[in-house]
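Residue numbers (this note's numbering): 77 to 357.
One structure below.
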Amino acid sequence: MTKLEELVQEINRFEAIISEWDESQRCVAVGLKRAIEALHKEALTRLIKSLKLESMSALRHAVNDEVVYAVLLYHELVKSPQPSLTQRIQTALEEVRPGLKSHNGDVELVAIKLPDTVEVRLIGTCSNCPASTLTLSEGIEQAIKKYCPEITKVIAVNNPPTINSANSGLSSPFLTQVTSAWVKLATVDQVPESSVLAVQFAGNSLILHRQGVNITCYRNACTHLGDSLEAGNVENGIITCPFHGFQYSLETGECLTAPNVSLKSYPVKIKGDNVFVQMQK
Ligand code: FES
């Protein structure tokens, strides 16, 4: 136990005893404590003033002592310590981490490039998600800027640029397999105009939507954070993600909320009453 802890423990012991006393006795004890503290504060204020006139380095040296610092802090004669820039960045990353982890992703601090730049690395799903730019700008960057207003640039390093085409979908379990096939996923009647039909194929979740005779099929994954879209509201051929409100045209898959993060689409053909979707297998 440090000297400071020892002294504080002693104060706490007496305070615990006093707290058991009846009110009039407690008032006397508290009054005495406050009077002594006021005397000490006045003395310390004068001491600091003199020290400042004589030697700032002596004052700094004195404040570095944990007991001196604790007493000055108690009397509000020094400011409480500001967390370092690194600590504040870590606090910001902690704030966004649960959201990233829920999508099997994460983020780590790579470097602080003073005066205004922070480099981070997106990990796991986040590193190859087509929405990684949004994750960075909307989540991570905002959080860092909230805790560290001096930081104006947040850069993701070691991540290939994945947002560059309309069909750059989430990483697909089908990617290593090149054979495609037309698969019957529904009948025309089953595909609604006022909402979407969610279907599963080979472990993949898809949504189908109909506008008149035209049927479209997309991966059931919002390009923002990958949540499923099937419960989204559909109005005038536009689906709104129920989670954070990203909107997509169900005719083209285009994201109307952010550029270049369209839904992954699949070719569709109708034969008789049946809806076939071209899948890779
Ligand atoms: S997951 Fe955020 S808007 Fe869809």
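Beta carbons are placed, not taken as given, at the ideal position from N, Cα and C, and that holds for glycine.
Note that this is a predicted model, so its numbers are computed, not measured.
For this session: Return helix, strand or coil for E195, following the three-state DSSP convention.
Result: strand
Problem set entry | According to DSSP, residues forming a beta bridge with I188 | V194
Exercise. What is the DSSP secondary structure of A146, counted as helix, strand or coil?
Worked result: helix
Exercise. Can you find a heavy atom of the ligand FES that lies under 7 Å from the Cβ of L332?
Worked result: no
Problem set entry | Neighbouring residues (CB closer than 6 Å to any heavy atom of the ligand FES) | C298, H300, L301, D303, C317, F319, H320, G321 and F322
Exercise. Tell me, which residues are paired with A232 by DSSP?
Worked result: According to DSSP, A232 bridges with V196.
For this session: Below 7 Å CB to CB, which residues in the same chain sit around M132 once its five sequence neighbours on both sides are set aside?
Result: none
For this session: List in chain order: all unbroken beta strand (DSSP E) runs of 3+ residues lying wholly within the segment 282-342.
Result: 290-295, 309-311, 314-316 and 323-325
Exercise. Just the Cα atoms here: how many angstroms apart are P225 and E170?
Worked result: 17 Å
For this session: Would you identify the three-state DSSP class for S95, choosing helix, strand or coil?
Result: helix
For this session: Mark E96 as exposed unless 16 or more other C-beta atoms lie within 10 angstroms of its C-beta, in which case mark it buried.
Result: Exposed, by the Cβ-count rule.
For this session: Helix, strand or coil for T252, going by three-state DSSP, please let me know.
Result: Reliability fails at T252, whose pLDDT of 37 lies under 50, so the model's placement of it is uncertain and no value is given.
Exercise. Pick from V230, L153 and I315: whose alpha carbon is nearest that of E306?
Worked result: I315
Exercise. V344 to G215, Cα distance in whole Å?
Worked result: 35 Å
For this session: Note down the Cα distance separating N243 from S338, rounded to an integer number of angstroms.
Result: The predicted model places N243 with a pLDDT of 37, which falls under 50 and marks its position as unreliable, so this point remains unresolved.
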